[in-house]
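Enquirer: Protein chains in written order, with our numbering: chain Y, 1 to 316; chain B, 1001 to 1249; chain H, 2001 to 2584. I'd like to ask some things about the structure below.
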Amino acid sequence: MKILIYAEHREGQLRKITYENISLARTLGQPFEVLVVGNEVQDIQEQLGRYGAEQVVFYKNAQLENYSADGYARIVAEAVKERQADVLLMGATSTGKDLGPRVASILNAAMATDCIHVEMEGDNLKLIRPMYAGKVQATIRLTSAVKVVTVRPNVYQASEAPVTAKVDTKEVSAPDFKTVVKEIVSGAKGKLDVTEANIIVSGGRGMKGPENWHLIEDLAQLLGAATGASRAAVDAGWRPHDEQVGQTGKTVSPSLYIAVGISGAIQHLAGMSSSKYIVAINKDPDAPIFKLADYGIVADLFDVVPRMIEELKAGN
Amino acid sequence: MNIAVCVKQVPDTETKVKLTEDKKAVDESEINFILNPYDEFAVEEALQLKEKYDGEVTVISLGPDRISSAIRSALAMGADKAIHLQVDENPQDPNVVANALAAELKNGGYDLILLGKQAIDDDHTQVPSILGEKLGLPSVTVVIKLNIDGDKVVAEREIDGAHEIVECTLPAIISTQRGLNEPRYASLKGIMRAKKIQIEQKPAQLSDDQLNIIGFEYPPQKNPGKIVGDSADAVPELLRLLHEEAKVI
Amino acid sequence: MPSKALPSFSKALFSGILLDELLFPYPKMDKEEAENLKLVQETFKKFADDKIDSQKIDEEAHIPDEVMNGLKELGFMGLSVPEKYGGFGLSNTGYVKMLEFIGGTDPSVAIMLGGHQSIGYKALILYGTDEQKKKYLPKLASGEMVASYCLTEPGAGSDAAGIQSKAVRDEKRGVYILNGNKQWITNAGIADFLTVFAKEPITDKDGKVKEKISAFIVTRDMKGVSVGKEENKLGLKGSSTASLFFEDVEVPFENVIGEPGKGFKVAMNVLNAGRLGLSGGSLGALKHVMRPALAHIKERRQFGKTLSEFEMIKEKVAQMTIDLFATESMIYLTSGLMDRGDVDYSLEAAMCKVRATEVAWNGINECLQMVGGLGFMKEYPYQRLMRDGRVNMIFEGTNEILRMFITLAGIRDEGEYLKKIGEALKGPIKGFGVLTDYATQWLKDRVMTEHIRDVHPSLANAKVQFETWAKNTHFSAERFIMHHGKNVIYREMRQERLANAAIDLFGMISTISRVDSLIAEKGEEKCKHEIMIANVFADQAWRRVRRNLLMMDSNADRQMGELSDFMVKQGFYPFATESMEILL
Ligand SMILES: Cc1cc2nc3c(=O)[nH]c(=O)nc-3n(C[C@H](O)[C@H](O)[C@H](O)COP(=O)(O)OP(=O)(O)OC[C@H]3O[C@@H](n4cnc5c(N)ncnc54)[C@H](O)[C@@H]3O)c2cc1C
Ligand SMILES: Cc1cc2nc3c(=O)[nH]c(=O)nc-3n(C[C@H](O)[C@H](O)[C@H](O)COP(=O)(O)OP(=O)(O)OC[C@H]3O[C@@H](n4cnc5c(N)ncnc54)[C@H](O)[C@@H]3O)c2cc1C
């Protein structure tokens, strides 16, 4: 069973999920190749080689500089055919979720979104994916000839296994684009997105107002974390929509999730319950968040968070 | 503007999902069903566009009999017509759903097709993209800002950590994300109006499932955590645990 | 109520007749209405989640304009206004369910909405002319006008027939001149449409002039209408409560609701109809606090166990559940009777109000108790719902007055046999359950029944208990009349016992009917807990009935009365203990 791993990149940089997927493919013991689609992508050979990719194919065209849904879909589908891959492995990122189904549709393939477990079972894949916002997990099997699988970021560790990657570059002709990306507007400069972050510090209604958010931001900065928020905080207009974690926000699975002044409503838990470690800071001992938290402090966040910042700054 | 909104009925976000004894399916007996929250943004956007440009909003939904209440919710918000594509059971493969919707949408002459970015039950997040391919139309997903001028569409979509501004032309498919608008509440007048609209019923055209669910499990139980303390004095201990026990910082 | 109304189940029960055909099968909502109601609830829930902050409403003693305007725009002010007048046209059952739902979200909002539509414009719906309805109902339904029900006065609370407000006809100008003042009127501060009860001199058949009550539509824009300052209350702080003053207000003749001089009946029937809304709202509030309370006892550990593992805590949880279920069964059985439109439901509605307000009060109290000191803290909802729920036992007829009503109206037909007593029973609290001659005759033609229809075997025991104690209650009521003759009206402690027995019996039969219908629908397997509740309730209820009936004959009522008289004369607690000689 041959696997083709779609390498995700933005602004010329390869993204972490690609390495995670290479590491995953190695454990499956199946032949795999990495597909890069774009124009200028940096350090392909070096980076992909470091994580163990021996064969890389680079489908290149100046018009592919920026991602375009239908344009990319055509190229990726072509690559799957040309490389005779049985499985297309992607990240369950915004790109993977947008592009995956299109490629699948072109190839008449079935697709599994957001898998948290991928394993060989005979000559097929056994896939586990959360449904109902993670309240249950489904084991699924795809029966189509070609299969598209997207894997949730941060579930598989990217582990290094240096080899020398062989990169075959192929100039492709760009198809007509029905949609054109005019511009990418980055959020606050250098801001880390919650879905990719290894550590997230999230604030809720307990923060009392946007004027106190510096506490969340300072703590996040010290930990190298992204900032998140509950819907209550977003609805109140304290935080932007893209920070909302939960059933109708982002689903995250960082190594560490710190919930500050968040009660832990079922819809919030749905978005972060698969975090490896959860810390809750809340003054209500009955707050449901404590049921899920690995570590909790039942106290006023306005005492606890400044103290954390202080201790971290002191390097203790 | 002739607008179609594809909606789905899903369990309420507060639902505790229970499995049947053999764990082959979800036990629906105690579930309260609602209109998929992301679809509300789609309905709202359609209504706003209709208010601006005139036209008609048709709600299309695929599912078993029980989905009529979700269709009514959308009608109660202000949609004009509804088509119910009937199935005995929701298909497991989103591709099958997209095929059936495409078959219905193909001949509707719609200028714009709106749907929520994802249904919060199976969370496949596939249908809007597949529809684009099936219908050969531009499709922009996870949209948080939409501007339509003549047949020119400018959409802002959310991607990880940034936003993309995308252009295309009508007819087009747009999948909606929170932030796009504030869905209106269905007023009592709207509910009464909806009651009088006849929902068009027709069997869905089903293709073969290529995605099979073998079974379900509950997510592994977390071990009960520990309360490190009840004042800020617990902070050093917390940091020590995170560093030494969890090894995450 | 139509003149050919059938007698009520409970009135017949006092007479030894079990009209089980009124109660079986348990009423079921129309499918289409049920679907609509679900949508309305969804709308309310979304709106409330986004916009209603109960703690803030309580603290600021005000429902924000955004919430008021939202409720109006969405149509919540016209839940029970018929569709042709621009409302949503809910059935009584649908309406009560909505108030339960709203009461379970925010009691202040529920009472604002209830004051407006359960009683505020109810007289217009029940007795208004088509013209009056056309003129006002659309505005009331849209919330352009908010309504108040204005009966209570400084000198007339429970004794509502004693109101002093006066309306005098000025034939030349075609208006009444209205003078008087009303007190503690819900929505007074925001209302534009006032249903005002006042006395007018009426000449009766034999030429005598008597002061009789009439009901008037008074609008806020009429000259001479003014509002007092907002009361500072224990609870329901967000709802407006204030006095209203009427000074030479000119009210056009066409603003009389119903017949002149028949206003007391209007006032009472509005309350009869409104009581279920309040009952539903009370239960909603209890359901609302049960959630956090149940979550707390599951988590909180003492003595190495969770609170939920302790027996006394279990007892509380089980008891409130049983009481809730039984009361709910009574309420929706009664609302079903209202929706039939051909039965007298006034007694049942009163029973529901008494039971629901007390079950809610006790239940909320127990929830607060279960969570301990936390329940006393303002950050948690327990204390607020307790404060909000307290007045439910006072307004829309105090529970004492309603107990008198239940017994006295209930035994009136028995009294009819002994003509004189029948007359006396009409006396004490005017307008008590106006049973039609038709119904009386209908009842007289019946013979005593000892059994109700067969029910599912799992409920057979409860059924036998019901039948046994229904019969005993009938005999007890008969003895009460025979022993005390027309003095029954002064024997309030006994009235209270009979009323309590009747409420328990109605609770038993309501649960039996509900669970019997449930079993028929879902099968016994799926109704395990419901069957258990019906049986435990029946067991608890018949023991209470027995005790109440025993105390009809053997009690310390005389001493209790004497002691109270002594105390009132003293004016303070006079019994000193050692070194506490300075009395409090
Ligand atoms: C359809 C639908 C979808 C939803 N989707 C989402 C979603 O995606 N994500 C989401 O988050 N929510 C979602 N919700 C909303 C969810 O139900 C909750 O309302 C929300 O998560 C509550 O946010 P919160 O925990 O910040 O606020 P609250 O529940 O108000 O909790 C605030 C917490 O702060 C604590 N606190 C207050 N002051 C202090 C202090 N000084 N020190 C310490 N602690 C303090 C309090 O004890 C409390 O526990 C959704 C709801 C619906 C109906
Ligand atoms: C928040 C609030 C809102 C209100 N809203 C309205 C409204 O919208 N419209 C309106 O018209 N009124 C309204 N009321 C008034 C309410 O209906 C009266 O308070 C109620 O009827 C009781 O009257 P009272 O307070 O004068 O008490 P009283 O009649 O003085 O009674 C005091 C006590 O004596 C008992 N009692 C009286 N008579 C007897 C008897 N014969 N036997 C045994 N016990 C007896 C009563 O049960 C009570 O316990 C409101 C009151 C409140 C507090």
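The beta carbon of each residue, even a glycine, is placed where N, CA and C say it ideally should be.
Count the other CB atoms within 10 Å of the CB of P2025 of chain H; is the residue buried (16 or more) or exposed (fewer)?
Expert: Exposed, because fewer than 16 other Cβ atoms sit within 10 Å of the Cβ of P2025 of chain H.
Enquirer: With a threshold of 8 Å on Cβ separation, who are the neighbours of K2072 of chain H within its own chain once the five nearest residues in sequence on each side are excluded?
Expert: Cβ within range, chain order: S2142, G2143, E2144.
Enquirer: Can you determine whether any heavy atom of ligand 1 sits closer than 7 Å to the C-beta of A2198 of chain H, and answer yes or no?
Expert: Checking the Cβ of A2198 of chain H against ligand 1 gives no.
Enquirer: Tell me whether the beta-carbon of Q1205 of chain B lies closer than 8 Å to the beta-carbon of A1103 of chain B.
Expert: Yes. Within cutoff.
Enquirer: Rounded C-beta distance between K182 of chain Y and I1165 of chain B? I'm assuming under 8 Å.
Expert: Correct: roughly 5 Å between the Cβ atoms.
Enquirer: Measure the alpha-carbon distance for T2327 of chain H versus L2283 of chain H and round it to whole angstroms.
Expert: Cα to Cα, T2327 of chain H sits roughly 8 Å from L2283 of chain H.
Enquirer: Looking at ligand 2, does it come within less than 7 Å of E1040 of chain B, judged from the CB to the closest heavy atom?
Expert: False, no ligand heavy atom lies under 7 Å from that Cβ.
Enquirer: Identify each residue in the region 77 to 107 of chain Y for which the Cβ-Cβ distance to at least one residue of chain B is less than 8 Å, and report them in chain order.
Expert: For the region 77 to 107 of chain Y, which is checked against every Cβ of chain B, the residues closer than 8 Å are T93, S94, T95, K97, D98, L99, G100, P101, R102, A104, S105, I106.
Enquirer: Nearest chain B C-beta to G296 of chain Y closer than 8 Å, yes or no?
Expert: So, interface residue.
Enquirer: Just checking my contact of I1173 of chain B with I1213 of chain B at CB under 8 Å: how many whole Å lie between their CB atoms?
Expert: 27 Å between Cβ atoms; not a contact.
Enquirer: Alpha carbon to alpha carbon, what distance is there between A2285 of chain H and T2105 of chain H?
Expert: Answer to the nearest angstrom: the Cα atoms are 7 Å apart.
Enquirer: Kindly confirm or deny that the region 2129 to 2140 of chain H and the region 2305 to 2325 of chain H touch, where touching means at least three C-beta pairs closer than 8 Å.
Expert: Counting Cβ pairs under 8 Å, fewer than three are found: no touch.
Enquirer: Within 8 Å of any Cβ in chain Y, is that where the Cβ of Q1221 of chain B sits?
Expert: Answer no: the Cβ-Cβ gap between Q1221 of chain B and chain Y never drops below 8 Å.
Enquirer: So S1073 of chain B contacts chain Y; which residues on that side make the cut at Cβ distance below 9 Å?
Expert: Within chain Y, no residue comes near S1073 of chain B; the closest Cβ sits about 16 Å away, beyond 9 Å.
Enquirer: So, at 6 Å on beta carbons, what are the nonlocal neighbours of G2120 of chain H in its own chain, with the 5 sequence-adjacent residues on each side left out?
Expert: Taken in chain order, the residues that qualify are A2147, S2148, Y2149.
Enquirer: Taking Cβ positions only, does G2075 of chain H come closer than 8 Å to chain B?
Expert: Taking Cβ atoms only, chain B reaches closer than 8 Å to G2075 of chain H, which makes this a yes.
Enquirer: Buried or exposed for V185 of chain Y, please, with buried defined as at least 16 other CB atoms from any protein chain shown within 10 angstroms of its CB.
Expert: With fewer than 16 other Cβ atoms within 10 Å, it is exposed.
Enquirer: Exposed or buried, what is Q2055 of chain H when buried is set at 16 or more other beta-carbons lying within 10 Å of its beta-carbon?
Expert: Answer is exposed; the Cβ neighbour count stays below 16.
Enquirer: DSSP three-state call for R2558 of chain H: helix, strand or coil?
Expert: Looking at R2558 of chain H - three-state DSSP - the assignment turns out to be helix.
Enquirer: By Cβ distance below 8 Å, which residues in the same chain neighbour G315 of chain Y in space, the five residues on each side in sequence not counted?
Expert: Contacts found: none.
Enquirer: Using DSSP's beta-bridge definition, name the partner residues of P1250 of chain B.
Expert: Here chain B comprises residues numbered 1001 to 1249, so residue 1250 of chain B is not present and cannot be evaluated.
Enquirer: Have a look at the DSSP bridge pairing and note the partners of I1034 of chain B.
Expert: Answer by DSSP bridge pairing, in chain order: B:V1010.
Enquirer: Which full runs of the beta strand (DSSP E) of 3+ residues lie inside the region 135 to 179 of chain Y, going along the chain?
Expert: Counting only runs of 3 or more, we get 136 to 142, 147 to 151, 166 to 171.
Enquirer: Beta-carbon of E20 of chain Y versus every beta-carbon of chain B: anything under 8 Å?
Expert: No, its Cβ sits nowhere closer than 8 Å to a Cβ of chain B.
Enquirer: In or out: I1003 of chain B buried (at least 16 other Cβ within 10 Å) or exposed?
Expert: Classification for I1003 of chain B: buried.
Enquirer: Closer than 5 Å from C-beta to any heavy atom of ligand 1: which residues, in chain order?
Expert: So the residues near ligand 1 by this Cβ test are Y:G204, Y:R205, Y:G206, Y:S230, Y:R231, Y:A232, Y:G246, Y:Q247, Y:T248, Y:G249, Y:G261, Y:I262, Y:S263, Y:A265, Y:Q267, Y:H268, Y:N282, Y:K283, Y:D284, Y:A287, Y:D300, Y:L301, B:T1013, B:P1037.
Enquirer: V180 of chain Y to C1168 of chain B, Cα distance in whole Å?
Expert: Whole-angstrom Cα-Cα distance: 7 Å.
Enquirer: Quick one: list the residues of chain Y neighbouring H2470 of chain H, beta-carbon separation under 8 Å, in chain order.
Expert: One detail in the question is off: residue 2470 of chain H reads as Ala in this sequence, not His. Those within 8 Å of A2470 of chain H in chain Y number zero; the least Cβ separation is about 45 Å.
Enquirer: CB of E2492 of chain H to nearest heavy atom of ligand 2: below 7 Å?
Expert: Because some heavy atom of ligand 2 lies under 7 Å away, the Cβ of E2492 of chain H counts as near it: yes.
Enquirer: Check whether the Cβ of S1068 of chain B lies closer than 7 Å to any heavy atom of ligand 2, and answer yes or no.
Expert: Not under cutoff, so the answer is no.
Enquirer: Around the Cβ of Q2570 of chain H, are there at least 16 other Cβ atoms within 10 angstroms (buried) or fewer (exposed)?
Expert: Label assigned to Q2570 of chain H: exposed.
Enquirer: Check G2433 of chain H in the structure and name its three-state DSSP category.
Expert: Since pLDDT at G2433 of chain H reaches only 43, below the 50 mark, its modelled position is unreliable, and the value read off the structure follows with that caveat. Here G2433 of chain H sits in coil by DSSP.
Enquirer: On a Cα-Cα basis, can you pick out the residue from H:E2581, H:E2521, H:S2279, H:G2372 that is closest to R2390 of chain H?
Expert: Cα-wise, what sits closest to R2390 of chain H is H:S2279.
Enquirer: Which value, in whole angstroms, describes the spacing of the CA atoms of L2251 of chain H and L2140 of chain H?
Expert: According to the sequence shown, residue 2251 of chain H is Val rather than Leu. In a straight line, the C-alpha of V2251 of chain H is about 19 Å away from that of L2140 of chain H.
Enquirer: Cβ of V2096 of chain H within 7 Å of any heavy atom in ligand 2?
Expert: No.
Enquirer: Please report the Cβ distance between L2244 of chain H and I2185 of chain H, rounded to the nearest whole angstrom; I am assuming they are in contact, meaning their Cβ atoms lie under 8 Å.
Expert: Between I2185 of chain H and L2244 of chain H the Cβ distance is about 5 Å, and since that is below 8 Å, they are a contact.
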